[in-house]
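Protein chains in written order, with the numbering used here: chain A, 1 to 142; chain B, 1001 to 1153.
First up is the structure itself, then whatever we jot down about it.
Okay, structure coming up:
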């Protein structure tokens, strides 16, 4: 599906699918958090999401779930940034404690409808990215 | 594709420097402005990488047409003789990019759809629409490498 040719219904369906993928990711992050930051709490809240292609479809904004983890002296946020990304299914920003400590997370599912494959950009890695899994999440939290 | 890996290397160096610069910024506003620059940088590299792919498609297609024009039978040759193959520029003008692609792979395949979609994105950026497209260059690099392999006989 291309933003230039997609119908409003297709765009809405894709937004709903994205929200569902994000909730599945946050459930996974919640499991890691319980183990890695036991004193923390995770909050999921909808925020209005807007992108140029949505506005082109007449959709001013759409509620998309964001994730915040709060622990004593710490704040970790996952901000869903873009749904329409050439080369990925979507991209998010993980912010760890400070705005400058942020990492790009992308869903590299080969096609729409396939299971999400979350990776984060690391230019020092082979193929530029590493899996966004429990072990790497722990490293990013340091 | 002669400069494809050099362009990829160059991208890695520039992206790395931009990531480092972003790491030095302290305000959310400055970070957002810097991320916009990173997006524009990604778009510029996308155009360069796609141009390498386009060049490879032209080369493969030209080889195919030259081979077909060499057929003994005029009945086989007559269609292919329509295409000028003496100069690459005239060949390119006679056959728009997607028609060149359709001579190499079936238009009904998913690969063709991916190439068409990338080409449309490329055109939008090349014609000045830099607001719509966000890119993840590492995947685009892999995608172009895979497609090139699939097109090569």
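C-beta: ideal position from N, C-alpha, C; glycine also.
In this text the structure is predicted, and so the values were computed from the model without any measurement.
Consult DSSP for residue i and reduce its assignment to one of helix, strand or coil.
i, result
"residue 32 (chain A)", "helix"
"residue 106 (chain A)", "strand"
"residue 1111 (chain B)", "helix"
"residue 131 (chain A)", "strand"
"residue 1132 (chain B)", "coil"
"residue 121 (chain A)", "strand"
"residue 1015 (chain B)", "helix"
"residue 1152 (chain B)", "coil"
"residue 1032 (chain B)", "helix"
"residue 12 (chain A)", "helix"
"residue 1105 (chain B)", "coil"
"residue 1096 (chain B)", "coil"
"residue 1038 (chain B)", "helix"
"residue 1020 (chain B)", "helix"
"residue 1087 (chain B)", "coil"
"residue 971 (chain B)", "Coverage of chain B is limited to positions 1001 through 1153, which leaves residue 971 (chain B) absent and any answer about it impossible."
"residue 1139 (chain B)", "helix"
"residue 1120 (chain B)", "helix"
"residue 1010 (chain B)", "helix"
"residue 142 (chain A)", "coil"
"residue 136 (chain A)", "helix"
Taking 7 Å as the cut-off, is the CB of residue i close to at least one heavy atom of the ligand SAH?
i, result
"residue 75 (chain A)", "The model depicted lacks the ligand SAH and carries no ligand whatsoever."
Hey, would you say residue i sits closer than 8 Å to residue j, going by beta carbons?
i, j, result
"residue 128 (chain A)", "residue 121 (chain A)", "yes"
"residue 1151 (chain B)", "residue 1104 (chain B)", "yes"
"residue 8 (chain A)", "residue 57 (chain A)", "yes"
"residue 63 (chain A)", "residue 46 (chain A)", "yes"
"residue 27 (chain A)", "residue 1139 (chain B)", "no"
"residue 1132 (chain B)", "residue 1116 (chain B)", "no"
"residue 42 (chain A)", "residue 33 (chain A)", "yes"
"residue 107 (chain A)", "residue 100 (chain A)", "no"
"residue 1042 (chain B)", "residue 1137 (chain B)", "yes"
"residue 15 (chain A)", "residue 83 (chain A)", "yes"
"residue 1142 (chain B)", "residue 1114 (chain B)", "no"
"residue 1031 (chain B)", "residue 1024 (chain B)", "no"
"residue 11 (chain A)", "residue 54 (chain A)", "yes"
"residue 1088 (chain B)", "residue 1045 (chain B)", "no"
Measure the alpha-carbon distance for residue i versus residue j and round it to whole angstroms.
i, j, result
"residue 86 (chain A)", "residue 136 (chain A)", "25 Å"
"residue 1081 (chain B)", "residue 1069 (chain B)", "6 Å"
"residue 1002 (chain B)", "residue 1106 (chain B)", "26 Å"
"residue 39 (chain A)", "residue 31 (chain A)", "13 Å"
"residue 1053 (chain B)", "residue 1009 (chain B)", "16 Å"
"residue 67 (chain A)", "residue 1057 (chain B)", "44 Å"
"residue 91 (chain A)", "residue 1084 (chain B)", "44 Å"
"residue 37 (chain A)", "residue 71 (chain A)", "7 Å"
"residue 124 (chain A)", "residue 1048 (chain B)", "22 Å"
"residue 1035 (chain B)", "residue 1050 (chain B)", "22 Å"
"residue 1079 (chain B)", "residue 1066 (chain B)", "12 Å"
"residue 138 (chain A)", "residue 1019 (chain B)", "21 Å"
"residue 5 (chain A)", "residue 69 (chain A)", "38 Å"
"residue 52 (chain A)", "residue 1077 (chain B)", "49 Å"
"residue 119 (chain A)", "residue 140 (chain A)", "13 Å"
"residue 49 (chain A)", "residue 61 (chain A)", "5 Å"
"residue 1039 (chain B)", "residue 102 (chain A)", "16 Å"
"residue 142 (chain A)", "residue 75 (chain A)", "12 Å"
"residue 1108 (chain B)", "residue 1017 (chain B)", "42 Å"
"residue 73 (chain A)", "residue 95 (chain A)", "14 Å"
"residue 114 (chain A)", "residue 1090 (chain B)", "42 Å"
"residue 1013 (chain B)", "residue 1061 (chain B)", "33 Å"
"residue 1094 (chain B)", "residue 134 (chain A)", "54 Å"
"residue 18 (chain A)", "residue 1149 (chain B)", "31 Å"
"residue 1119 (chain B)", "residue 59 (chain A)", "26 Å"
"residue 1121 (chain B)", "residue 1111 (chain B)", "15 Å"
"residue 1027 (chain B)", "residue 109 (chain A)", "33 Å"
"residue 1071 (chain B)", "residue 1055 (chain B)", "25 Å"
"residue 77 (chain A)", "residue 104 (chain A)", "12 Å"
"residue 1092 (chain B)", "residue 1005 (chain B)", "24 Å"
"residue 1033 (chain B)", "residue 44 (chain A)", "27 Å"
"residue 1130 (chain B)", "residue 1015 (chain B)", "18 Å"
Practice prompt. Scan the stretch 1134-1147 of chain B for residues whose Cβ lies nearer than 9 Å to a Cβ of chain A and list them as they occur along the chain.
Written response: Residues passing the 9 Å Cβ filter: 1134, 1135, 1136, 1137, 1138, 1139, 1140, 1141, 1142, 1143.
Discussion item. Which complete alpha helix (DSSP H) runs does the stretch 18-99 of chain A hold, if anything under 4 residues is left out?
Written reply: 52-56
Worksheet item: Name the residues in the stretch 74-99 of chain A whose C-beta lies less than 7 Å from a C-beta of chain B; which are they?
Response: 82, 84, 85, 86, 87, 88, 91, 99
Worksheet item: Mind pulling the beta strand (DSSP E) runs of 3 or more residues that sit fully within the stretch 1042-1085 of chain B?
Response: none
Fill in: Interface positions of the stretch 1005-1033 of chain B facing chain A (Cβ-Cβ less than 8 Å), listed along the chain
1012, 1015, 1016, 1019, 1022, 1023, 1024, 1025, 1026, 1027, 1028, 1031
Worksheet entry | Proximal residues, the stretch 35-67 of chain A versus chain B, C-beta separation under 9 Å | 51, 52, 53, 56
Item to complete: May I ask you to list, following chain order, the residues of the stretch 1092-1119 of chain B that have a beta carbon less than 9 Å from some beta carbon of chain A?
Response: 1110, 1116, 1117, 1118
Discussion item. Please list, in chain order, the residues of the stretch 1038-1060 of chain B that have any C-beta partner in chain A closer than 8 Å.
Written reply: 1046
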